[in-house]
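Just so you know, the sequences run in chain order V and U. Those letters in the first sequence? Residues 6 to 119, by this note's numbering. Those letters in the second sequence? Residues 288 to 399, by this note's numbering. For every residue, glycine included, the Cβ atom is placed at its ideal position computed from N, Cα and C. This report concerns only the one structure given below.
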Amino acid sequence: EAQVTQNPRYLITVTGKKLTVTCSQNMNHEYMSWYRQDPGLGLRQIYYSMNVEVTDKGDVPEGYKVSRKEKRNFPLILESPSPNQTSLYFCASSRSGSTTGELFFGEGSRLTVL
Amino acid sequence: SQQGEEDPQALSIQEGENATMNCSYKTSINNLQWYRQNSGRGLVHLILIRSNEREKHSGRLRVTLDTSKKSSSLLITASRAADTASYFCATDSRDRDDKIIFGKGTRLHILP
């Protein structure tokens with residue numbers, strides 16, 4: 006089954022404790038992206054990757070890191086989480102980033118930073 | 288910054304009625320897409336309309352695009368309880384390196 010898998014789905018952590026949210030897709034998609042969703046603000050792009058070893062900042066990259074060492078994986082790293090990073094995070098992938106850009110989304114990772 | 292803005296923010300209608308949601312955007316686009324999100328779940332792609340298309344249908348969904356007004360509408364006919372969800376438009380813009388940008392969404396509630 007074609008899917009985007011995120012882990013963990015739920016996480017409560019404390020300020021400053023490094024964490025990684027994993028994202029994996031099995032569709033051989035070139036494009037992958039991370040979004041955060043907050044009430045009243047919609048989805049905002051954090052980082053995206055057009056292909057292996059190519060990553061770019063989205064609209065809200067501060068406090069986050071990503072890597073794209075393999076085509077299928079695109080982990081989101083919070084080196085020193087802060088309470089303002091409490092949010093619902095979505096990973097998405099697509100065959101291409103733009104003109105054929107139907108995005109496939111994971112089920113989301115709800116992160117709470119205390 | 289947001290490219291698409293949906294209108295209304297929230298909409299409640301009776302089951303069986305038609306639901307119309309609108310999306311306005313600011314810059315030239317390649318494509319416009321509509322997505323559905325059930326509460327707290329991942330977004331699901333509904334339909335994509337290209338900038339050179341004016342109307343597109345998929346089942347009970349009808350999407351129109353007016354590039355002169357920089358707006359799109361999503362019509363859901365004969366609404367069902369299962370249509371209760373948030374609906375987002377997303378655009379990719381030549382002016383923003385073709386990145387896909389989402390609006391804030393319309394919350395649709397279908398009343399039994």
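Starting from Asn-309 of chain U, follow its DSSP beta bridges and name the residues at the other end. Paired residue(s): U:Asp-294 and U:Ser-360.
Which runs of the alpha helix (DSSP H) fall wholly inside the region 46-86 of chain V and span at least 4 residues, in chain order? If we require 4 residues or more, the region 46-86 of chain V turns out to have no alpha helix (DSSP H) run fully inside it.
When you compare each of V:Ser-92, V:Thr-20, V:Arg-100 and V:Gln-8 to Arg-115 of chain V by their alpha carbons, which one comes out closest? Out of V:Ser-92, V:Thr-20, V:Arg-100 and V:Gln-8, V:Ser-92 has the C-alpha closest to the C-alpha of Arg-115 of chain V.
Pull out every residue of the region 17-28 of chain V whose Cβ sits closer than 9 Å to any Cβ of chain U, in chain order. If the cut-off is 9 Å between Cβ atoms, the region 17-28 of chain V has nothing near chain U.
By a C-beta neighbour count over all protein chains shown, 10 Å radius and 16 as the cutoff for buried, is Leu-335 of chain U buried or exposed? So Leu-335 of chain U ends up on the buried side.
Would you report the Cα separation of Asn-4 of chain V and Lys-62 of chain V, rounded to the nearest angstrom? With chain V represented from 6 up to 119, any question about residue 4 of chain V goes unanswered, as that position is not in the structure.
Using alpha carbons as the reference points, say which of U:Thr-354, U:Thr-393 and U:Gly-346 lies closest to Glu-340 of chain U. Minimum Cα distance to Glu-340 of chain U is reached at U:Thr-354.
Does the distance from the C-beta atom of Ser-366 of chain U to that of Ala-306 of chain U stay below 7 Å? The answer is yes: Cβ separation under 7 Å.
Taking Tyr-52 of chain V as the reference, which of V:Trp-39, V:Val-59 and V:Gly-45 has the closest Cα? Ranking the options by Cα distance to Tyr-52 of chain V, first place goes to V:Trp-39.
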